[in-house]
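So the structure is just underneath, and the comments pick up after that.
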Amino acid sequence: MSRKRRYPCSLCGTSCNSTCSSVECNKCKGWIHRFNTAASSTDVEILIDAARSEKLLMEIYDVQLPETEIENEQSHQNADDQVDPIALQVLSKYHPVIVETHAPICVTGDGNCLFRAVSLALYGTEEFHATLRLLCAIEMIENRPHYDYEHLLFVDHFNDPRLVFDKYDVLLKDVTKVGSFSGLMTVSAISAALNLPIQSYCPPTQAA
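In the UniProt record's numbering, the protein residues as written are 1 to 208.
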């Protein structure tokens with residue numbers, strides 16, 4: 001992107017005002033309005049197009065994740081990994097069998113904890129969390145009926161009426177923003193994107 005000036009958006013047709021500019025792409029010479037308003041439903045289509053463009057760029061530049069360090073079903077752990085003492089205490093109390101073969105490891109708590117945890121478990125480092133988030137977004141976009149409960153062809157993999165999920169546009173906006181919340185549907189999506197099973201444990205929220 002290069003120059004800025006007030007000009008109607010080539011995507012939404014909205015004219016910029018005195019506090020809003022648009023940008024011109026050097027490559028396609030198209031003007032794109034920079035929204036200063038709250039997100040709307042049209043943003044979902046923009047996010048979808050952007051994610052698909054990112055997928056194409058990954059294919060063009062042959063962006064690949066490294067080989068995984070998992071050799072069996074035992075959890076991967078480096079000598080430098082720090083065990084989470086609170087999680088260990090909770091698991092030992094409510095699900096002690098899991099700590100016989102696994103250890104809860106700390107990851108950076110910046111809103112990317114799901115993708116950092118997956119990156120650490122698979123590659124021994126948290127650094128690939130952004131790439132994993134992108135793969136998760138692409139999975140949600142390319143297989144929308146599996147993640148949009150309002151879709152006519154929705155596939156309910158959980159089949160549990162107690163579970164409450166966000167609407168598809170909220171899910172998509174969260175998964176495409178670094179540092180945003182990840183829920184159970186996001187766990188399902190990254191599992192599908194990697195074609196690997198992910199087990200998630202939630203301790204009791206109330207005393208028995």
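Just so you know, even glycine gets a beta-carbon here, dropped at the ideal spot from N, CA and C.
Of the listed residues V107, T108, G183 and L91, nearest to E100 (C-alpha basis): If we check each option's Cα against that of E100, L91 comes out closest.
Delimiting residues of the alpha helix (DSSP H) encompassing P145: P145: not part of any alpha helix (DSSP H); DSSP gives it neither H nor E.
Just mark R162 as buried or exposed, buried being the case when its beta carbon has 16 or more other beta carbons within 10 Å. Exposed, because fewer than 16 other Cβ atoms sit within 10 Å of the Cβ of R162.
Assign D62 to buried or exposed, taking buried as 16 or more other Cβ atoms, counted over all protein chains shown, within 10 Å of its Cβ. D62 comes out exposed.
Touch test, the stretch 105-117 against the stretch 150-170, Cβ-Cβ under 8 Å, three pairs minimum: Result no; under three Cβ-Cβ pairs closer than 8 Å.
Under DSSP, the alpha helix (DSSP H) around L171 begins and ends at which residues? DSSP places L171 in the uninterrupted alpha helix (DSSP H) bounded by Y168 to V175.
Considering only the beta carbon of each residue, do Y149 and M140 sit closer than 7 Å? No Cβ-Cβ contact shorter than 7 Å links Y149 with M140.
For A51 and I60, I'd like the C-alpha separation in whole angstroms. When rounded, the distance between both Cα atoms is 14 Å.
Cα-Cα separation, L153 to R144: Whole-angstrom Cα-Cα distance: 9 Å.
What separation, rounded to the nearest whole angstrom, lies between the Cα atoms of A189 and T131? Distance between the alpha carbons of A189 and T131: 14 Å.
Looking at C136: is its Cβ nearer than 7 Å to the Cβ of V170? Taking 7 Å as the Cβ cut-off, C136 and V170 do not qualify as a contacting pair.
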